[in-house]
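*Asks:* Mind looking over this structure? Questions follow.
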Amino acid sequence: MQRIGVFVCHCGTNIAATVDVKAVAEALGHEPGVVISQDYQYMCSESGQELVKNAIKEQKLTGVVICSCSPRMHENTFRKAAASAGLNPYLVEIANIREQCSWIHKDIATATEKAIILGRTAVAKVHLNTPLNSMESPVVKRALVIGGGIAGIQTALDIAEAGFDVDIVEKQPTIGGKMAQIDKTFPTLDCAACILTPKMVEASQNERITIHSFSEVADVKGFVGNFTVKIKKKARFVDETKCTGCGLCTEKCPMKKVPNEFNMGLDNRSAIYIPFAQAVPKVATIDPNYCMMLKTGKCGVCSKVCSAGAIDYKQQDTFIEQQYGAIVVATGFNPINLDKYDEFAYNQCPDVVTSLELERLMNAAGPNGGTLLRPSDKTHPHTIVFVQCVGSRCDDEKGKPYCSKICCMYTAKHAMLIREKYPDTEVYVFYIDVRTPGKNFDEFYRRAVEQYNVHYIKGMVGKVTPKSDGKIDVQASDLLANEQLHINADMVVLAAAIEPDKTARPLATMLTTQMDTNDFFTEAHPKLRPVESATAGIFLSGACQGPKDIPETVAQASAAAAKAIGLLCKNSITCNPCVAHSDELMCNGCSSCEKVCPYGAITYIDKEFRMPDRTTKVRRVASVNPAVCQGCGACTVACPSGAMDLSGFSNSQIMAEVDAICK
Amino acid sequence: MQEAMIKRAKELLADGSVDRVIGWKRGEFTYDITPAVFTSAEEIDSDFVCDDFTAANVSKYLVKETQKEGKVLAFLKPCDTYSFNQLVKEHRIDREKVYVIGIEGGPKLDIEKIKAKGITGILSVKNEDYTLRIETIYGTQTMPFYEAVLDKCASCKSKKHVVFDELIGEDGDVLDSNRFEMVEKLENMTSQERFDFWRDQLSKCIRCNACRNVCPACTCENCVFDNPKSGIDNKAPADSFEENMFHIIRAFHVAGRCTDCGECSRVCPQHIPLHLLNRKFIKDINELYGEYQAGADTTSRAPLTDYTKDDCEPSVVHERGVE
Amino acid sequence: MQVKENFEPVIVAFCCNWCSYAGADLSGTNRLNYPTNVKIIRVPCSCRVNPMFILRAFQKGADGVIICGCHPGDCHYTSGNYFTRRRITLLYSMLDFLGIERNRTRLEWVSAAEGAKFAATMQQFTEDVKALGPNRRLEDLRCRKQ
Chain A
1 MQRIGVFVCH CGTNIAATVD VKAVAEALGH EPGVVISQDY QYMCSESGQE
51 LVKNAIKEQK LTGVVICSCS PRMHENTFRK AAASAGLNPY LVEIANIREQ
101 CSWIHKDIAT ATEKAIILGR TAVAKVHLNT PLNSMESPVV KRALVIGGGI
151 AGIQTALDIA EAGFDVDIVE KQPTIGGKMA QIDKTFPTLD CAACILTPKM
201 VEASQNERIT IHSFSEVADV KGFVGNFTVK IKKKARFVDE TKCTGCGLCT
251 EKCPMKKVPN EFNMGLDNRS AIYIPFAQAV PKVATIDPNY CMMLKTGKCG
301 VCSKVCSAGA IDYKQQDTFI EQQYGAIVVA TGFNPINLDK YDEFAYNQCP
351 DVVTSLELER LMNAAGPNGG TLLRPSDKTH PHTIVFVQCV GSRCDDEKGK
401 PYCSKICCMY TAKHAMLIRE KYPDTEVYVF YIDVRTPGKN FDEFYRRAVE
451 QYNVHYIKGM VGKVTPKSDG KIDVQASDLL ANEQLHINAD MVVLAAAIEP
501 DKTARPLATM LTTQMDTNDF FTEAHPKLRP VESATAGIFL SGACQGPKDI
551 PETVAQASAA AAKAIGLLCK NSITCNPCVA HSDELMCNGC SSCEKVCPYG
601 AITYIDKEFR MPDRTTKVRR VASVNPAVCQ GCGACTVACP SGAMDLSGFS
651 NSQIMAEVDA ICK
Chain B
664 MQEAMIKRAK ELLADGSVDR VIGWKRGEFT YDITPAVFTS AEEIDSDFVC
714 DDFTAANVSK YLVKETQKEG KVLAFLKPCD TYSFNQLVKE HRIDREKVYV
764 IGIEGGPKLD IEKIKAKGIT GILSVKNEDY TLRIETIYGT QTMPFYEAVL
814 DKCASCKSKK HVVFDELIGE DGDVLDSNRF EMVEKLENMT SQERFDFWRD
864 QLSKCIRCNA CRNVCPACTC ENCVFDNPKS GIDNKAPADS FEENMFHIIR
914 AFHVAGRCTD CGECSRVCPQ HIPLHLLNRK FIKDINELYG EYQAGADTTS
964 RAPLTDYTKD DCEPSVVHER GVE
Chain C
987 MQVKENFEPV IVAFCCNWCS YAGADLSGTN RLNYPTNVKI IRVPCSCRVN
1037 PMFILRAFQK GADGVIICGC HPGDCHYTSG NYFTRRRITL LYSMLDFLGI
1087 ERNRTRLEWV SAAEGAKFAA TMQQFTEDVK ALGPNRRLED LRCRKQ
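So this is what it looks like as structure tokens:
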């Protein structure tokens, strides 16, 4: 038999002025199961809470209804009070008679009537409340960072700094990412390598950080606080522990005609290679697609010259499995493929380059040692045309609908650097808009225009045509002057849109995190939880969440680290007990619930059932992981058999509320 | 075709490929056909039948059959294969345990339509070049074949088998049917007219549960209407509300999963056009969320477990048609 | 249909905890009046609203049912209201198909900041239901109040 206590709050005059609280307490006292019904000036006050606690003890209450302000305000207060008096906190219900009654109504009679109905509804619900206990789930004190660019490095450093072990998984032979390829950074024009490489070294030397380079995430299982991740360490045919990074092998390797991806294919490397001088780890890697030894079994030069004996042609892919409490995704971005942009002649003319290629052409460690020369004939270009928004803010299927955000600024940087170093070069920039929100950004752009006389022309480039004399005809429109232009250029630089790395989509599936239609990871809340994914324990760092420049990336990386640290600091996580649960006897195993679960909290198990005729039957049934479920209830409606229900908001509870309102 | 089916069934039983065969057998009357499971060549020889009355969709029976040991041979008409696929998709049927022989569909007959012509005492019905030759205890009668075709066959959506291990006869195509005609007609009525139509129909419901029990999408271990904990359990409608509720909830539960096999209306002893409720959902889904045929494959997401960010708002319901 | 003088409809509002329930609270905080006919049931997400609950409300004597959730794209649970939108669209379409008056059912997106919208929506909805008169087409006679 239920023994329910009802407590009606005056909230000073906030409630009592428009609701006859005494009449409410009186009326609710007659509801079934109610053994005590009282009113009090301020229920949330110390003495008000005492009143509730004493009643729980003296009357041996099995349920409590507080008629007061919104549960969003004081539900926790009263739950705690109940718990301290020995009543399960989930046996407390709040009837919202302030925000949703006294404050919106003026007539005392109707407001009182409504307050009674709201109270009655809460009593009806509390009759069906069951004690719920929050589960504790332990937290593994180790984090995984997927991606070793500046975002991943920063996140890992911050987490390590806080005293937790952290692993970086990087698919390339070295960490560093896109920032390592960049020449100078806007708006300060300091050298990217000078600020990045110390951080790379710091990461490699930090004893709490383990770098798995040339590795990929192969499988993710588990949930917040307790992920099990399988990492595939791809065979690099060089023993990492033995290689000293002396580079002799790369010099002696006879196969030197391999396009150098670090320099965007603008020059060549050897089949055994170290991506760049400051690579971390500084270990050679053999490219099996080009190595003669691996392809034909004839050569072995690197093995002969390696005094450390690090070369191992028989190396295989290996897998390691590790537990993590938190995972940070930092998979970054790539410029889009420009194959479909025939109008810009990217594939036809070597002197039409992307901005990232230009970074390499201008970099001291690049193919030309830092002198800007045309890729085709190694001559100095005198007229350079920059084309903005190539594939960004694009309506058709070739490009991306979003703004890539960084292009306006890096183009201003490129233009300025070229004008600074080669004042005899004319620089044209064709743009739709110039977008420069950011600290010192607009000043920077204006310097390009005013101080460096870069020709900014609002308009689109219609066609780029390579000419027989080696020049390039750029046909464009000047929207402000309303005229067609032909520019006789030596080089054309395309600001290609950026897109998430191709590995992000399969990774999102493994992590059960969500992505938008452009394959950027979706944050848990666009304003209030920008670095968390909707899946508990998975955090987002850098451009995998959306286009970002370096300062924003680093800020987000540190924010993601802070969130991960906040999780790792806990010994265990208290889970919300208002979660879904499936009645195995009724479950059909049809997978409808799993498909609507945003958290991947539902899995299926084959369960053995004893049948009435003493035989056993194995059936597939849903199983909800309470540590992962957030309690939205989407599954409960998707379930046709009604096997899935939600604790705290059960079908029977909600229907009891409906009945009480309509009575 | 019956001979070919019997031959293959016996072969497969004999070589141990399958342990049981699911097909049809005759009941008391020649037109009284019921799905049946056969375990021996003898049973097949004496009882197995496939004729103009074998309309029953046997796919649902495979839920229970595949929970048992051994492999089952199932003869599936094109419409049945959709139901079969849908059940495989929902993990209700273990595909590995079924050997599917697709058989040609062809329109099946509705005995009620023959009886409605005043023909009684029926002994046998023969299709002779699309004229039915009906032997009765009172003598021989004839009627055109197409006047006796089941409603569900008259608005057939597809003669294509979406799944099979082997075929007996020819595979057909997805048809451009007129199956939404009646739904459209109702949509064009006024709200009051629709209300009157459905009140008239649903008030006939005796809650025999035949529609639910025959429905290949209704395979719940425990139906919400039989579950006292569901809050809507109910054995017989005590009120017009309960008549409505049963059919609304049933249609909603199979929305996006119903393959439009039409069995619900075929078995309804009160002749309530229940398939119209399901077709209304199918039509809405097609119009609002893009063409979708449940059971056409085993991998696509069902419309109600899927969404797009630009889905229409429910206000479309208020904006279209007549009030 | 004969409509009683001063007919006061019973209206059940399902509000998601994170947006609409907070929006309802805000209309209270801002003292924005809406009719007492509206009684709110708090659910974690609009996707928790089972069609059974809506039918149950009509059965037990509700004259109108409104569901409020976060705006599409703002769901606390990321995707809940997208599922709500499909389910409720189809359910309302079915009720319409059965001849149940369209204005007895509604779905609205109300954010936690839209106290004014919440009050205005409830005001309008109550008026619409009032204009329809008591629910007779989807009622359970045994539950009719005299």
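So the protein sequences, as listed, match chains A, B and C. Residue numbering for the first sequence follows the working numbering, beginning at 1 and increasing consecutively. Residue numbering for the second sequence follows the working numbering, beginning at 664 and increasing consecutively. Residue numbering for the third sequence follows the working numbering, beginning at 987 and increasing consecutively. Each residue gets a CB set at the ideal place from its N, CA and C atoms; glycine is no exception.
Taking only beta-carbon positions, decide if residue 734 of chain B is within less than 8 Å of chain A.
*Replies:* no
*Asks:* If contact is defined by three or more beta carbon pairs under 8 Å, each pair taking one atom from either stretch, is the stretch 665-675 of chain B in contact with the stretch 702-709 of chain B?
*Replies:* yes
*Asks:* Could you tell me whether the stretch 3-23 of chain A touches the stretch 51-67 of chain A, using the rule of 3 or more Cβ pairs below 8 Å?
*Replies:* With a cut-off of 8 Å, the stretch 51-67 of chain A and the stretch 3-23 of chain A count as touching, because enough Cβ pairs lie within range.
*Asks:* Could you compute how far the alpha carbon of residue 369 of chain A sits from the alpha carbon of residue 175 of chain A?
*Replies:* Whole-angstrom Cα-Cα distance: 22 Å.
*Asks:* Using a Cβ cut-off of 7 Å, pull out every chain A residue sitting near residue 870 of chain B, in sequence order please.
*Replies:* By Cβ distance, chain A contributes nothing, its closest Cβ being about 19 Å from residue 870 of chain B, past 7 Å.
*Asks:* Excluding the 5 residues flanking residue 1061 of chain C on each side, which residues of the same chain have their C-beta closer than 6 Å to its C-beta?
*Replies:* Excluding residues within five positions, the ones whose Cβ falls inside 6 Å are 1067.
*Asks:* Quick check: does the Cβ of residue 1033 of chain C come within less than 7 Å of any heavy atom belonging to the ligand ATP?
*Replies:* With respect to the ligand ATP, the structure shown offers nothing to examine, as it has no ligands at all.
*Asks:* When the Cα atoms are used, what is the spatial distance from residue 1022 of chain C to residue 1039 of chain C?
*Replies:* Taking the straight line joining both Cα atoms gives about 21 Å.
*Asks:* Exposed or buried, what is residue 696 of chain B when buried is set at 16 or more other beta-carbons lying within 10 Å of its beta-carbon?
*Replies:* buried
*Asks:* What does the Cβ neighbour count give for residue 605 of chain A, buried or exposed, with the cut at 16 atoms within 10 Å?
*Replies:* exposed
*Asks:* Under the DSSP definition of a beta bridge, which residues are partnered with residue 765 of chain B?
*Replies:* Residue 765 of chain B is bridged to B:739 and B:830.
*Asks:* Since residue 840 of chain B contacts residue 822 of chain B with CB under 8 Å, what's their CB separation in whole angstroms?
*Replies:* At roughly 10 Å, the Cβ-Cβ gap does not stay under 8 Å, so residue 840 of chain B and residue 822 of chain B are not in contact.
*Asks:* Closer than 8 Å by beta-carbon distance: list the chain C residues that pair up with residue 908 of chain B, in chain order.
*Replies:* 1041 and 1045
*Asks:* Based on the DSSP output, what are the partners of residue 54 of chain A in its beta bridges?
*Replies:* The partner list for residue 54 of chain A (beta bridge, DSSP) is empty, contrary to what the question assumes.
*Asks:* CA-CA distance, residue 1126 of chain C and residue 902 of chain B?
*Replies:* 6 Å
*Asks:* Quick one, which residues of the stretch 105-122 of chain A are near chain C if we go by CB-CB under 9 Å, in chain order?
*Replies:* 105, 106, 107, 110, 111, 113, 114, 117, 118 and 121
*Asks:* Just tell me which of C:1000, C:992 and C:993 has its CA closest to the CA of residue 1093 of chain C.
*Replies:* Comparing Cα-Cα distances from residue 1093 of chain C to each of C:1000, C:992 and C:993, the minimum goes to C:1000.
*Asks:* Put residue 9 of chain A into one of helix, strand or coil per three-state DSSP.
*Replies:* Residue state, collapsed to three classes: strand.
*Asks:* Going by the beta-carbon positions, is the gap between residue 774 of chain B and residue 694 of chain B smaller than 8 Å?
*Replies:* Their beta carbons are under 8 Å apart, which means residue 774 of chain B touches residue 694 of chain B by this criterion.
*Asks:* Taking one C-beta from the stretch 1074-1089 of chain C and one from the stretch 930-945 of chain B each time, how about it: are there three or more such pairs within less than 8 Å?
*Replies:* yes
*Asks:* Measuring only the C-alpha atoms, how far is residue 273 of chain A from residue 284 of chain A?
*Replies:* 5 Å
*Asks:* Look at the alpha carbon of residue 19 of chain A and the alpha carbon of residue 1101 of chain C, and state the distance between them as a whole number of angstroms.
*Replies:* 21 Å
*Asks:* For residue 719 of chain B and residue 974 of chain B, I'd like the C-alpha separation in whole angstroms.
*Replies:* Just so you know, the alpha carbons of residue 719 of chain B and residue 974 of chain B end up roughly 37 Å apart.
*Asks:* Enumerate in chain order the residues of its own chain whose CB-to-CB distance from residue 90 of chain A is below 7 Å, with the five nearest sequence positions on each side excluded.
*Replies:* Counting only Cβ-Cβ distances below 7 Å, and skipping sequence neighbours, we find 129, 131, 132, 577 and 648.
*Asks:* What does the alpha-carbon distance come out to for the pair residue 17 of chain A and residue 886 of chain B?
*Replies:* 50 Å
*Asks:* Under 8 Å by Cβ, that's how I've got residue 419 of chain A and residue 385 of chain A pegged, so tell me the actual separation to the nearest angstrom.
*Replies:* So it is not a contact: roughly 14 Å between Cβ atoms.
*Asks:* Within the stretch 289-354 of chain A, note down every full alpha helix (DSSP H) run reaching 4 residues or more, in order along the chain.
*Replies:* The qualifying runs are 292-296 and 301-305.
*Asks:* Can you tell me the Cβ-Cβ gap for residue 428 of chain A and residue 457 of chain A, rounded? I've got them flagged as a contact below 8 Å.
*Replies:* 6 Å
*Asks:* Using a threshold of 8 Å, state whether the C-beta atoms of residue 751 of chain B and residue 1078 of chain C are closer than that.
*Replies:* no
*Asks:* Measure from the alpha carbon of residue 907 of chain B to the alpha carbon of each residue in C:995, C:1130 and C:1123, then state which is nearest.
*Replies:* C:1123
*Asks:* Indicate the three-state DSSP secondary structure (helix, strand or coil) for residue 143 of chain A in the structure shown.
*Replies:* Shown here, residue 143 of chain A sits in a strand according to DSSP, grouped into three states.
*Asks:* Which chain B residues are close to residue 640 of chain A, counting only those with a beta carbon under 7 Å from its beta carbon?
*Replies:* Within chain B, the residues near residue 640 of chain A are 883 and 916.
*Asks:* Decide if residue 1025 of chain C is buried, meaning its Cβ has at least 16 other Cβ atoms within 10 Å, or exposed.
*Replies:* buried
*Asks:* How about residue 382 of chain A and residue 372 of chain A: do their beta carbons lie closer than 8 Å?
*Replies:* no
*Asks:* Is residue 79 of chain A close to chain B? Criterion is C-beta to C-beta, closer than 8 Å.
*Replies:* no
*Asks:* Let me check understanding here. Comparing Cα to Cα, which of A:107, A:551, A:600 and A:116 lies closest to residue 179 of chain A?
*Replies:* Its Cα nearest to that of residue 179 of chain A, the residue A:551 stands out among A:107, A:551, A:600 and A:116.
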